[in-house]
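So the structure is just underneath, and the comments pick up after that.
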Amino acid sequence: MKFLCLECNTAMEFKETATPDQGSLTAIFECPDCFAEFAMHMNPWETQMLKSLNVQLGGKSEAAQPMQMVRSFLSEKNPDNLTSEAPTGSIEGGGKCPFSSAVAEAFQEPAATGPVWTPEALERLERVPSFVRSMAKSSIEEFARENGHTEITTEVMDTARGNFGM
Amino acid sequence: MKTYKDLPADGGSNIVGQVTEQVNRLQRRLASVNHTVAIMSGKGGVGKSSVTANLASALRLRGQSVGVVDADINGPSIAKMMGVRGEQIDYGIDGVKPAISPLGVKVMSMDLFLKDDETPVLWESQTQRDAFTWRGTMEMSALREFLSDTEWGTLDYLLIDLPPGADRLPNLVDLLPNLGGALVVTIPSGVSQLVVKKSLTMAKKLLNAPVIGVVENMAAYVCADCGKTENLFPSGHTEEMARQFDVSLLGQIPFDPRISIAADEGIAFVDQYRDTPAGQTFFGITDEIRMFFK
Ligand SMILES: Nc1ncnc2c1ncn2[C@@H]1O[C@H](COP(=O)(O)OP(=O)(O)OP(=O)(O)O)[C@@H](O)[C@H]1O
Ligand SMILES: [Mg+2]
Ligand SMILES: [Zn+2]
Ligand SMILES: [Zn+2]
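Chains as they are written, first to last, in our numbering: chain A, 35 to 200; chain B, 3 to 296.
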């Protein structure tokens, strides 16, 4: 797919991916001349296709991490093996794939009505290693929703943690 | 208005380029592997994984450097059979370090990523229906990662334990354009032979690699008391089939309960029981494979 700004007759460029709604991913494109933007909403099917191929929108500035697809999208993983971020510099320059992490993170976003994180709780979440962070985040949110908390405080985190046996 | 051809790329995503890069990465990795051998079967449960694991160990005992990829993403069993289930795997400098069996076979399997033996392979997706639709693609991506992101180093042999059936063969061809050959495992029952014929036909048609030969498993039973060999099924069918398809019958492995016991304990049967008829047959097949690539 390619996109053209009809106004300027210029090829539009990929800008960023945005929070999906119900399993769909949104890609935002921008015209480099007039800065007009538009959003492309992918259906869950297309979103899943990108996931399964482990390709990223917006081109590849950095190489994928080793076993990235397996590590990102396997539901229940062995907690001891490769659940952390790969050391940077692995596999030909390495680095992390902005698209898969965008997808992974995007899918963990709380629903519009979901619980809100207090700044303290968020700060503590930041200290969780980045790869497990999104998983931890979504588990805690789910816990909060199930237990009727509209706000996630550090106390809620503690209870959640006790609950998961973390 | 500018047309598709006038525009430089797909808005900067270059999906095709990325997929090409994945292919290149795979080829760079496998460049240091001398022979890649796929082990396939028509039916499930005929002993494909047991054969793979024991051939890997036998090759190793013959002084070869060996790796095994468990391409049975949904029903991984190689890690357990090779005694590396639950092994800690880690990042190396250029990928992930494989698990290493007591004999020194390098192993990569989905098993190593799962929490425990009961955990099924489930992919994250919005609904389980989506997960089902995309399962095949996810599995192939996982296999591609196993092949390309494992630090195999220099190998004489890389054995690939395929899932049963021929469904995944076409994708495998895309992943492994340099496949050295395929080995077909069968048991001497009528049903199994029928299915294996289909797989052989598929393999011959699809693979741009030769079929190294057929291995007949559970061919006969050796009585532990008197050493007499009894056939479990009417014999001769596999020879006939091999002749019909013009492939060689590499060996007939007798039924031996110790194969199963050793596998459960993660012990290499071929090492522990070298001098049994089954052990000797595994070494015989190993030598046939090495002859094939000479
Ligand atoms: N020659 C043999 N003698 C005795 N038991 C055997 C023999 N070969 C395999 N087995 C046993 O048969 C069972 C199936 O074998 P295995 O798992 O190797 O088959 P498979 O073809 O890989 O199965 P799947 O299709 O599930 O992957 C195992 O319990 C194994 O230990
Ligand atoms: Mg198997
Ligand atoms: Zn414009
Ligand atoms: Zn007897």
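Think of the CB as a built atom: it goes at the ideal place given N, C-alpha and C, for glycine as much as any other residue.
Those residues of the stretch 164-181 of chain B placed with their C-beta closer than 9 Å to a C-beta in chain A do not exist. At a cut-off of 7 Å, the beta-carbon of Met-112 (chain B) does not count as near ligand 1: no heavy atom of the ligand is closer than that.
Counting along the chain, the unbroken beta strand (DSSP E) around Gly-183 (chain B) starts and ends at 183-188. Per DSSP, the beta-bridge partners of His-37 (chain B) are B:Tyr-159. When the Cα atoms are used, Met-101 (chain A) and Thr-139 (chain B) turn out to be separated by approximately 15 Å. With a threshold of 16 other beta carbon atoms within 10 Å, Arg-146 (chain B) meets it and is buried. At a threshold of 7 Å, Ser-79 (chain B) counts as near ligand 2, since its beta carbon sits closer than that to one of the ligand's heavy atoms.
For Ser-262 (chain B), the secondary structure class from DSSP, reduced to helix, strand or coil, is helix. In this structure, DSSP gives Lys-200 (chain B) a helical state, which the three-state scheme calls helix. From the listed residues B:Ala-205, B:Met-142, B:Gln-29, the smallest Cα separation to Phe-247 (chain B) is found for B:Ala-205. Residues of the same chain with a CB within less than 6 Å of the CB of Gly-167 (chain B), apart from the 5 flanking positions on each side, do not exist.
Beta bridge pairing from DSSP links Gly-167 (chain B) with no other residue.
According to DSSP, His-75 (chain A) shares a beta bridge with A:Thr-60. Note that the C-beta distance between Tyr-159 (chain B) and His-239 (chain B) is not below 8 Å. Pro-149 (chain A) and Ala-144 (chain B) have their C-alpha atoms spaced approximately 34 Å apart.
Thr-22 (chain B) has its alpha-carbon roughly 21 Å from the corresponding atom of Ser-106 (chain A). Around Met-110 (chain B), the same chain offers Val-71, Pro-100, Phe-148, Thr-152 as residues with beta carbons nearer than 6 Å, after the five sequence neighbours per side are excluded. Taking 8 Å as the Cβ-Cβ cut-off, the stretch 89-110 of chain B approaches chain A at Gln-90, Ile-91, Asp-92, Tyr-93, Gly-94, Ile-95, Asp-96, Gly-97, Val-98, given in chain order.
For Asp-72 (chain B), the enclosing beta strand (DSSP E) starts and ends at 68-72.
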